[in-house]
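Quick notes on the structure that follows.
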Amino acid sequence: MQRWSYLTVLWVGLAGVLTGCTVDHDLYTCLNPDPGHVDGQGKDDPCHTRPTCPGQCVAGAPPDWFGPVVAWIGPTSEVSAVQCPPEAPTAGPMRFADLVAPNECSACSCEPPTGSCELPTSIYARASICQKSGAWVTSFDAPANWDGSCTDINAIPQGTDCGGVPCVQSINIAPLKVIESGCTPVEIPPPLPPAPPSWGRAALLCSADLRPEQTDCKDSGLSCSPRADPLPAGFRHCVFKDNIHTCPPDYPQRYIFYEHFEDARSCSSCQCGEPIGSVCSASMSIFTAASDCTGPTEVKLISSIMPVCTDMAMPGQGALSKSATEPVYTPGICEASGGEPLGAAVPIVPSTICCPQEP
Numbered sequence: 027m028q029r030w031s032y033l034t035v036l037w038v039g040l041a042g043v044l045t046g047c048t049v050d051h052d053l054y055t056c057l058n059p060d061p062g063h064v065d066g067q068g069k070d071d072p073c074h075t076r077p078t079c080p081g082q083c084v085a086g087a088p089p090d091w092f093g094p095v096v097a098w099i100g101p102t103s104e105v106s107a108v109q110c111p112p113e114a115p116t117a118g119p120m121r122f123a124d125l126v127a128p129n130e131c132s133a134c135s136c137e138p139p140t141g142s143c144e145l146p147t148s149i150y151a152r153a154s155i156c157q158k159s160g161a162w163v164t165s166f167d168a169p170a171n172w173d174g175s176c177t178d179i180n181a182i183p184q185g186t187d188c189g190g191v192p193c194v195q196s197i198n199i200a201p202l203k204v205i206e207s208g209c210t211p212v213e214i215p216p217p218l219p220p221a222p223p224s225w226g227r228a229a230l231l232c233s234a235d236l237r238p239e240q241t242d243c244k245d246s247g248l249s250c251s252p253r254a255d256p257l258p259a260g261f262r263h264c265v266f267k268d269n270i271h272t273c274p275p276d277y278p279q280r281y282i283f284y285e286h287f288e289d290a291r292s293c294s295s296c297q298c299g300e301p302i303g304s305v306c307s308a309s310m311s312i313f314t315a316a317s318d319c320t321g322p323t324e325v326k327l328i329s330s331i332m333p334v335c336t337d338m339a340m341p342g343q344g345a346l347s348k349s350a351t352e353p354v355y356t357p358g359i360c361e362a363s364g365g366e367p368l369g370a371a372v373p374i375v376p377s378t379i380c381c382p383q384e385p
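To get this note's numbering, take the position in the sequence shown, counting from 1, and add 26.
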């Protein structure tokens, strides 16, 4: 800045010669501007343009808040087509909201149990009909690990007396024994990895790398937003801060967005209870007159459900041999449990984005 002193001579009308005086002035030249220069009255050098906000001065961000930035908030499905405006080309980390992470589990079921049957070995004759209690009993047991083949072990001859009455008036047969290995759990349909979580909304925060002198706003309560109105469709002037906070008065509309999520979704394992309802059944033949399982016989249906007592057709007849058919195993069911959703996908690393109230 060049400074000059000059003599100002005032001429007044035709009155003649008036007194001349010298006044010291600052003169400015734009050939050598001096940024930040002010005159003796504190006025700016008119030839120097002080750098100012290249965008728009808007309500300032409170201390510890970031911004103002140019923010786009909308459906995640649309954010891939959104670009920061040229005046604010720097995109910050994307932030998201409205996490959608259903936890669906396959239904649990159980395969039928597997098992086998053992024929009863406890068999005895009663000296009364089945409905009378307190009768004498005589063993007609089968051999251990009986496979149902003909046996005359513990034969009771015809006419055997028990306290003055025939020993063989009814026959009592113990139930078959069910031997099972349980059920195998299954998942219907087979389990698949949970669907990836998705976000309903996204926030794109755009800023510019402004030099300190470019952020100047004449009003100290204002801050420089890099892009002036009108903003591109969907964009707004906003401020933001990490974690969850109350919005400042100038930016009352609050949005809570997150950087990512932790996925802890799982399903409880399928399990099966003990088998219920399985049944073993067979038929037993009692031969009354021969030890080789021939001749007159009485056939009794037996099962694993309960003992069988059956009255003989002729009280006092013999029980000389016996045989049984191969038992049939009918599987029951096992009650399934499990397959319940556990855990959840949880959004983490929150940020508070605050914008002017939408009209």
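Even for Gly, the Cβ is constructed at its ideal location relative to N, Cα and C.
In the structure shown, S249 adopts extended strand secondary structure according to DSSP, grouped into three states. For G81, the closest of P115, W98, G100, D90 by C-alpha to C-alpha distance is P115. If you look at T272, you'll find it isn't in any alpha helix (DSSP H); DSSP assigns it neither H nor E. Looking at the DSSP output, Q109 sits in no beta bridge, so it has no partner there.
Following the DSSP letters along the chain, one finds S196 inside the beta strand (DSSP E) bounded by residues 196 to 199.
DSSP, reduced to helix, strand and coil, places S292 within a strand of the structure shown. DSSP places E300 in the coil class of the three-state scheme, outside both helix and strand. Looking at the DSSP output, E206 sits in a beta bridge with G141.
CA-CA distance, F92 to E104, rounds to 25 Å.
Judged by their CB atoms, C134 and A362 are nearer to each other than the 8 Å cut-off. By the Cβ rule, the stretch 141 to 160 counts as touching the stretch 192 to 209, because three or more pairs are nearer than 8 Å. Contact between the stretch 347 to 354 and the stretch 306 to 316 is established, with three or more Cβ pairs separated by less than 8 Å. Inter-residue distance for C232 and C293 is about 41 Å (C-alpha atoms, whole angstroms). According to the DSSP secondary-structure assignment, T164 is paired through a beta bridge with A151. Where R121 is concerned, the enclosing beta strand (DSSP E) starts and stops at 121 to 126. By the 16-neighbour rule on beta-carbons within 10 angstroms, V265 is buried.
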